[in-house]
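For the sequence shown, the working numbering begins at 63 and goes up steadily by one.
We put the CB at the ideal spot given by N, CA and C, even for glycine.
From a predicted model like this one, the values you see are computed outputs, not experimental measurements.
Below is one structure, written out as structure tokens; comments come after it.
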Amino acid sequence: MNIHILTLFPDMFPAYLNESILKKAQAMGQLTVRLHNIRDYTTDKHHVTDEPPFGGGGGMVLKPEPIFTAVESLVADLQSQQEMEGVPVILMSPQGRPFTQTIAQELAGQERLVLLCGRYEGVDERVREHLVTDEISIGDYVLTGGELAALVIVDAVTRLLPGVLGAEGAAEMDSHATGLLEGPHFTKPADFRGWVVPDVLRSGHAANVARWRREESLRRTWQRRPDMLLTAVLTEEDRWFLGQLAQESVAIGD
Ligand code: 6GU
């Protein structure tokens, strides 16, 4: 996958992109990230990228010309317009659709992505109307710009690309990928300060371990994100276990 990031602050990215899994994905050739400074696409002497809004109201708004020029230069770089045809141009914005694991999976199927990082009060509406094909928010809070959101998307998408995570199927078992939260994990030592690892995990009985994990996953989802149980794919056995949890919580007056 080839990801182009348009930003006024390209130096914010390398520290995160050049460590751990994202570094490995790039070394493997599964991920290429190209950073483009919007300021480099200005044509005026002072390289102005923002202006006060028409109608007043304070704050600054990103001008349309350098953003259009930057995206159009990607089209030219790709030699043929067809290569850019159908490429998502995604504006990072608190007004966008809420980012989810399902959207990460959707995006992971693309050959290319263009991520446009907004700043200040926002971008000129004509960018939204005539250039951008999608708008994504990473949550209901306001950031100073879209850069962290773009990194969130790059991270969530990259770990879904083939071969990027070591263990086969590691991404499939994640919280949210299954529609449930993951249960607890333990590693050595078996006894840490008298806090011991559940016996079943050390029993070597694979079927019991699998059932325990499923139940802890259901329990955690029930406790923390009961909304997710409405859409999760559940077996009869899962529903019976959730019924038990509900009865227990009634019994203890929860
Ligand atoms: Cl994508 N951008 C900004 N500026 N703030 C946000 C956001 C994006 N997502 C949540 N808050």
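Strand pairing of residue i, partner residues [DSSP]
i: N64; result: T94 and R174
i: I198; result: R159
i: E113; result: V123
i: T69; result: N99
i: I152; result: L177 and D196
i: W257; result: F254
i: V185; result: L124
Neighbourhood of residue i by C-beta, 6 Å cutoff - its chain only, sequence neighbours within 5 removed
i: L153; result: L178, V194 and E197
i: L68; result: H98, I100, A132 and L178
i: M90; result: none
i: P115; result: V123
For residue j and residue i, the rounded distance between their alpha carbons
i: E310; j: R255; result: 30 Å
i: A218; j: T104; result: 31 Å
i: E299; j: L292; result: 16 Å
i: H109; j: S199; result: 28 Å
i: F75; j: A269; result: 44 Å
i: A229; j: E277; result: 23 Å
i: G207; j: P288; result: 32 Å
i: D106; j: Y203; result: 34 Å
Contacting residues, own chain, Cβ-Cβ under 7 Å from residue i (five flanking each side not counted)
i: D186; result: V123, L124, K125 and P126
i: V295; result: G241
i: A233; result: R221, L222, L227 and A239
i: Q167; result: L222
Contacts around residue i, its chain only, beta-carbon distance under 8 Å, and the 5 residues preceding and following it disregarded
i: S265; result: V271
i: P260; result: F248 and W274
i: L263; result: F248, V271 and W274
i: D112; result: M122, V123, L124, K125, R181 and Y182
i: Q92; result: M63, T220, L223, P224, G225 and V226
Reference residue i, options the options, closest by Cα
i: R174; options: P160, R96, A232 and A229; result: R96
i: V189; options: Y203, V151, M74 and R159; result: V151
i: D139; options: Q285, G315, H66 and D289; result: H66
i: I129; options: A313, M146 and D102; result: D102
i: D316; options: R159, Q285, L243 and T94; result: Q285
i: Y78; options: I314, H267 and A212; result: A212
i: M235; options: L169, D106, P251 and Q163; result: Q163
i: P160; options: E147, G201 and M146; result: G201
Any non-hydrogen atom of the ligand FAD closer than 6 Å to residue i Cβ
i: P150; result: Because the ligand FAD does not appear in the structure shown, any question about it cannot be addressed here, the ligands present being the ligand 6GU.
Note to self: Within 8 Å, do at least three Cβ pairs link the segment 146-162 to the segment 83-92?
What the structure shows: Verdict: no, contact absent.
Item checked: Three or more C-beta pairs below 8 Å linking the segment 276-285 and the segment 304-313 -> Between the segment 276-285 and the segment 304-313 there are three or more C-beta pairs closer than 8 Å, enough to call the two in contact.
Item checked: Given 8 Å, three or more beta-carbon pairs between the segment 242-258 and the segment 208-227 -> Here the segment 242-258 does not lie against the segment 208-227, with fewer than 3 beta-carbon pairs under 8 Å apart.
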